[in-house]
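Novice: To start, I am sharing the structure in question, which I have written as structure tokens.
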Amino acid sequence: MADEPFHQAETALAELAGQFEDWRRSRTTGQERIPPSLWDRAVALSTVLPCARVARRLRLRSTDLRKRGLAGPATVATEVAGPVPDFVEVPAPGPGPATPGITLIEVERPDGARLRLRYRDAPPLATVLRAFLDPARCCN
Numbered sequence: 001m002a003d004e005p006f007h008q009a010e011t012a013l014a015e016l017a018g019q020f021e022d023w024r025r026s027r028t029t030g031q032e033r034i035p036p037s038l039w040d041r042a043v044a045l046s047t048v049l050p051c052a053r054v055a056r057r058l059r060l061r062s063t064d065l066r067k068r069g070l071a072g073p074a075t076v077a078t079e080v081a082g083p084v085p086d087f088v089e090v091p092a093p094g095p096g097p098a099t100p101g102i103t104l105i106e107v108e109r110p111d112g113a114r115l116r117l118r119y120r121d122a123p124p125l126a127t128v129l130r131a132f133l134d135p136a137r138c139c140n
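Residue 31 in the working numbering is what sits at position 31 of the sequence shown, and the numbering runs on without skipping anything.
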């Protein structure tokens, strides 16, 4: 059951590889750019599967795929993940010196973005971390 998203991603990758092949066969010139919809789906899959695997299967350069993933959100990831919150509110800690019982969480994404949370009463961590770790949802 835990492998289900992985298997779904592998199936989606196989389908996308077929679409890339169809596009390559139907393009009129060798210099024709890959359509944005294909790029978006490739970027979305690279958030679930290793980027090198996606690039190899789709016959893309992994550096190009990574750059596109860092350049902006993938529309397919947004559609699959559901509605993206416009704003995630995290209550600020009250004034005063740090006291025992305060929790500190630090998270870093592969692209280098960092999130540091220090809190006494637990904010909705699942929502905050999901929004931060999914580049398609964060930093629009």
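No residue lacks a Cβ here, since even glycine has one placed at the ideal position from N, Cα and C.
Alpha carbons only, please: which of Gly112, Val128 and Lys67 is nearest the one belonging to Pro91?
Specialist: Along the sequence shown, one-based indexing puts residue 91 at 91. Minimum Cα distance to Pro91 is reached at Val128.
Novice: Relative to the C-alpha of Asp86, which candidate in Arg61, Ala131 and Thr103 has its C-alpha closest?
Specialist: Counted from its first residue, the sequence shown places residue 86 at position 86. Per the Cα distances, Ala131.
Novice: So, for Arg116: in the same chain, excluding its five sequence neighbours on each side, which residues have a beta-carbon less than 6 Å away from its beta-carbon?
Specialist: Walking along the sequence shown from the start, residue 116 turns up at place 116. So the qualifying residues of the chain are Glu106.
Novice: With three or more C-beta pairs closer than 8 Å as the rule, is the region 43 to 51 touching the region 21 to 33?
Specialist: No: fewer than three Cβ pairs fall under 8 Å.
Novice: Taking the alpha-carbon of Ile34 as reference, which of Glu10, Arg59, Thr11 and Gly112 has the nearest alpha-carbon?
Specialist: Mapped onto the sequence shown, residue 34 falls at position 34. Nearest of Glu10, Arg59, Thr11 and Gly112 to Ile34, Cα basis: Arg59.
Novice: What first and last residue would you give for the beta strand (DSSP E) that runs through Arg27?
Specialist: Here residue 27 corresponds to residue number 27 of the sequence shown, with the count starting at 1. Per DSSP, Arg27 belongs to no beta strand (DSSP E) and is neither H nor E.
Novice: Would you report the Cα separation of Leu133 and Leu70, rounded to the nearest angstrom?
Specialist: Within the sequence shown, residue 133 is the residue found at index 133, counting from 1. Within the sequence shown, residue 70 is the residue found at index 70, counting from 1. Computed Cα separation, rounded: 12 Å.
Novice: Report the start-end ranges of each beta strand (DSSP E) in the region 22 to 63 that is 3 residues or longer and not cut off at the edges.
Specialist: Listed in chain order, nothing qualifies, since the region 22 to 63 has no complete beta strand (DSSP E) run of 3 or more residues.
Novice: With H, G and I counted as helix, E and B as strand and the rest as coil, what does DSSP make of Val90?
Specialist: Position 90 of the sequence shown holds residue 90. In this structure, Val90 counts as coil in the three-state DSSP scheme.
Novice: Can you list, in chain order, the residues of its chain with a C-beta nearer than 6 Å to that of Glu108? Leave out the 5 residues immediately preceding and following it.
Specialist: As a first step, residue 108 is located in the sequence shown; it is residue number 108 there, counting from the start. So the qualifying residues of the chain are Arg114.
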